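In our numbering, the protein residues as written are 2 to 164.
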């Protein structure tokens, strides 16, 4: 039973590794896009949606692995980690599981770096958009005040526009 669970877990980790590779690819794509370029905004949105779908798939797959880990922990009397399984059962499949786990960890580290770069770019773009929006609102307000009928307000209005 334990060997069957180990084989299933290795297959699960291989599929999980493919999902993390796809996520790494999407993170690289997202980090390479420029949020200030309007032509790339649709690509950014598409990458974010695909990334969210991949994260949901990864979370689902992790939940599916829990029963397999429980079987291995009960059979081998070890912690639910690939290194502990390898120590308890030094076989090819356990070594493969540990190798896939390390690959996933390295992919996660790379994804975190790419996500940080993408987040920084998106925050800068968002800040510039807020500044543009604020300027637009101020110009609309100034235009509305300028065009407002002066009969309703008291005092004088001095137009000191600079051309």
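Where a beta carbon is used, it is the ideal one built from N, C-alpha and C, also for glycine.
Here the structure is a predicted model, which means the values were calculated and not measured.
Nearest-angstrom Cα distance between residue 40 and residue 69? If I take the Cα positions, the gap works out to 46 Å.
Mark residue 147 as exposed unless 16 or more other C-beta atoms lie within 10 angstroms of its C-beta, in which case mark it buried. exposed
Kindly indicate which three-state DSSP category residue 149 falls into: helix, strand or coil? coil
Hey, out of 35, 75, 105, whose CA is closest to residue 20's CA? 105
At which residues does the alpha helix (DSSP H) containing residue 1 begin and terminate? Missing from the structure shown is residue 1; the chain here goes from 2 to 164 and no further.
Kindly confirm or deny that the segment 128-144 and the segment 45-62 touch, where touching means at least three C-beta pairs closer than 8 Å. In short, these stretches do not touch, since the Cβ pair count stays below three.
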